[in-house]
Structures are given as structure tokens and as C-alpha cells.
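Numbering-wise, the numbering used here puts 402 at position 20 of the sequence shown, and it's gapless, one number per residue. This report refers to the structure that appears directly beneath it.
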Amino acid sequence: MRYAELALALALAAALLAAGPARALPASTTDLWDVSQGTVVTGSTPIHFSSDARQMFGAVITRIESANTVFGDFEAAGSLDFIEWRTAAPVTLRSFNLSAVHDAAPLRNRYYRGMDRFSLFAFDGTDFAEIFSISFSGDLYDPLAANHPCKCQFVLEANVAAVTSDRFRAEFVQTGPPSDASGVRIHELDGYGTFFGNQPIPGTQVPEPSSLALFGLAVVALARGRSGSRRPRAFMPAGRRGSP
Ligand SMILES: [Ca+2]
Numbered sequence: 383m384r385y386a387e388l389a390l391a392l393a394l395a396a397a398l399l400a401a402g403p404a405r406a407l408p409a410s411t412t413d414l415w416d417v418s419q420g421t422v423v424t425g426s427t428p429i430h431f432s433s434d435a436r437q438m439f440g441a442v443i444t445r446i447e448s449a450n451t452v453f454g455d456f457e458a459a460g461s462l463d464f465i466e467w468r469t470a471a472p473v474t475l476r477s478f479n480l481s482a483v484h485d486a487a488p489l490r491n492r493y494y495r496g497m498d499r500f501s502l503f504a505f506d507g508t509d510f511a512e513i514f515s516i517s518f519s520g521d522l523y524d525p526l527a528a529n530h531p532c533k534c535q536f537v538l539e540a541n542v543a544a545v546t547s548d549r550f551r552a553e554f555v556q557t558g559p560p561s562d563a564s565g566v567r568i569h570e571l572d573g574y575g576t577f578f579g580n581q582p583i584p585g586t587q588v589p590e591p592s593s594l595a596l597f598g599l600a601v602v603a604l605a606r607g608r609s610g611s612r613r614p615r616a617f618m619p620a621g622r623r624g625s626p
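Here it is, written out as C-alpha cells:
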């Protein structure tokens with residue numbers, strides 16, 4: 383492959399990566415926040431009897447919701463649930479993966495164990511400082527089933543500015559009205575010491591799509607210039623890697 387073609391291929395790959403293809407990152411049992419690494423839960427709002435607060439950090443304690451942490455029911459829509467945890471030693475966090483699951487169609491939807499907002503905090507020695515927050519509207523739970531066939535699972539991979547702490551907190555805002563299935567259900571919350579390569583890194587410049595397009599045009603112009611009067615060979619971009 384000629385230099386100009388290689389550069390163009392790299393530009394196309396960068397554009398595809400910037401688009402953030404959907405994928406489902408499996409829950410980890412070796413991440414920074416997993417109970418296998420010594421993490422302990424230090425506090426939370428009430429947890430549903432069918433689950434345990436530690437299960438969103440990899441523990442398997444109860445049998446009914448054996449892989450999930452479910453917050454208490456009969457709270458008003460918009461109520462806030464939280465959980466706080468401590469790691470065995472300070473860790474430097476650079477990314478996390480959140481997996482949440484609400485009850486499935488056709489009888490249920492996001493108003494049953496779904497959430498409108500997720501926020502993440504790290505203790506800075508004085509208080510819990512917010513390091514990430516995202517609000518959802520409409521069907522946040524994978525309506526196209528890109529990550530899960532039940533169309534009810536949401537997986538969020540995100541990078542955060544590197545932060546070192548041994549105490550963390552997460553908050554979840556409940557979507558549905560009070561019922562016996564209104565408490566938010568979290569499958570897993572994993573923390574990592576490395577950045578996800580397919581997500582923007584806070585504090586770094588992300589090329590605008592228009593910039594990428596201009597860069598691509600420049601590369602094409604360079605390729606034509608280097609090839610002289612010869613007709614440029616057709617370029618077939620590689621298949622979109624990483625897509626489900
Ligand atoms: Ca885990």
C-alpha cells in the first residue's frame with residue numbers, strides 16, 4: 383500500500399472510530415471496582431430484597447437477581463438512588479462501563495426499573511466530586527437492540543479525566559412512577575485504569591467531522607499529486623470493524 387493510500391485508510395478508520403460503533407462490553411470480574419479486588423460497599427439507598435448492593439460489583443449473593451443490584455421500590459418518579467464504595471487501595475480511574483437492565487417488553491418497559499440520569503463521583507479528600515453525568519430522554523435502553531435482544535439493556539462505555547481515589551459514588555434517577563417494580567436495576571458497574579480507544583478522552587482535542595473530511599480531501603489531493611497523470615486506483619475501505 384502506498385503512503386498516500388495508507389494515510390487515507392487511517393483517516394477513514396479515524397472517522398469510523400469517532401462515530402462510536404455500538405457494542406456490548408461484557409461485565410468484568412477483574413476491574414478496579416470488582417469485589418474480587420477488595421472493593422466494599424459503604425452505603426446506599428435501600429436495596430430490593432431480591433438482590434444485593436455488592437452484585438453490581440461482581441458479587442453473587444442472592445439467587446433471584448443473582449447478577450444485579452436492584453434499588454428499592456415504591457419511590458416517586460424522579461427519586462434519586464445512590465451507592466458508595468471503597469477500593470482496597472487508591473486506584474486511578476480513566477474509564478467505566480455501566481450495564482443497566484429494565485424489565486422487558488411486551489408487558490414492561492423503561493418505567494419498570496429504568497433510569498433517567500446516571501452520575502458518577504470520586505472523593506477528593508473533602509467531598510464527592512462529580513466526574514461524569516449523563517441524562518437520558520426517551521428510550522435510552524437500546525430500542526434497536528444493538529446490545530441486547532431484549533431491547534431492555536443499556537451499556538454505557540465512557541472515559542473520564544484520570545482521577546485517583548479510593549472512594550466513589552454513583553447516583554441513579556428513577557424513571558417510572560412508584561410500583562412494585564420501579565426501583566432502578568443495575569447489572570454491573572466496572573471501573574478501568576485505561577481509556578477506551580473508541581471513546582473521546584476528556585482533555586484532548588477531538589477532530590471535528592468537518593476537519594476529518596478536510597483531512598481526507600487533503601490526503602486524496604496528495605495521492606493524486608504523487609501519482610502524476612496516472613489515474614488514481616480505486617480505494618476500497620476496509621469493513622467496519624468492531625460493529626456487532
Ligand atoms: Ca465488575
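For every residue, glycine included, the Cβ atom is placed at its ideal position computed from N, Cα and C.
Item, Value
"Continuous beta strand (DSSP E) stretch holding Val-422: start and end", "422–426"
"Collapsed DSSP secondary structure at Ser-461 in the structure displayed", "coil"
"Cβ distance (whole Å) where Ser-515 is taken to contact Phe-578 below 8 Å", "Not really, about 18 Å apart at Cβ, beyond 8 Å."
"Environment of ligand 1 in chain order, Cβ to heavy atom below 7 Å", "Ala-409, Ser-410, Thr-411, Asp-413, Trp-415, Asp-416, Phe-439, Gly-440, Glu-570, Asp-572"
"Chain-order list of residues whose beta-carbon lies under 8 Å from that of Ala-544 (same chain, five-residue window excluded)", "Thr-474, Leu-475, Arg-476"
"Cβ-Cβ distance between Val-442 and Arg-567 below 8 Å", "no"
"Top-ranked residue by Cα proximity to Ser-433, from Val-417, Phe-453, Ser-418, Asp-416", "Phe-453"
"Test item: CB-CB of Ser-427 and Asp-463 under 8 Å", "Looking at the sequence provided, one finds Thr at residue 427 rather than Ser. Going by C-beta atoms, Thr-427 is nearer than 8 Å to Asp-463."
"Reference Thr-424, options Asp-498, Ala-459, Ala-540, Thr-469, closest by Cα", "Thr-469"
"Beta-carbon proximity list for Thr-546, same chain, < 6 Å, skipping 5 on both sides", "Pro-472, Thr-474"
"Buried or exposed by the 16-neighbour rule on C-beta atoms within 10 Å, applied to Leu-509", "In the sequence as displayed, the identity of residue 509 is Asp instead of Leu. Exposed, by the Cβ-count rule."
"Per-residue burial, Phe-536 [other beta carbons within 10 Å of its own, 16 or more giving buried]", "buried"
"Same chain, Cβ closer than 7 Å to Ala-409, five either side skipped, listed in chain order", "Ser-481, His-569, Glu-570, Asp-572"
"Endpoints, the beta strand (DSSP E) within which Ala-510 is located", "In the sequence as presented, Ala is not what sits at residue 510; that position holds Phe. Element bounds for Phe-510: 510–517."
"Unbroken beta strand (DSSP E) run spanning Tyr-574, endpoints", "567–574"
"Nearest-angstrom Cα separation, counted from Thr-586 out to Pro-403", "Since pLDDT at Pro-403 reaches only 39, below the 50 mark, its modelled position is unreliable, and the value read off the structure follows with that caveat. Taking the straight line from one Cα to the other gives about 20 Å."
"Ser-561, DSSP secondary structure in three states", "coil"
"Coil, strand or helix - Phe-439 by DSSP", "helix"
"Reduced DSSP category for Gln-556 - H, G, I as helix; E, B as strand; rest coil", "strand"
"According to DSSP, residues forming a beta bridge with Ser-481", "Val-537, Glu-570"
"Contact belief for Arg-499 with Phe-518 at Cβ below 8 Å, rounded distance in angstroms", "7 Å"
"Alpha-carbon spacing of Met-497 relative to Phe-554, whole angstroms", "6 Å"
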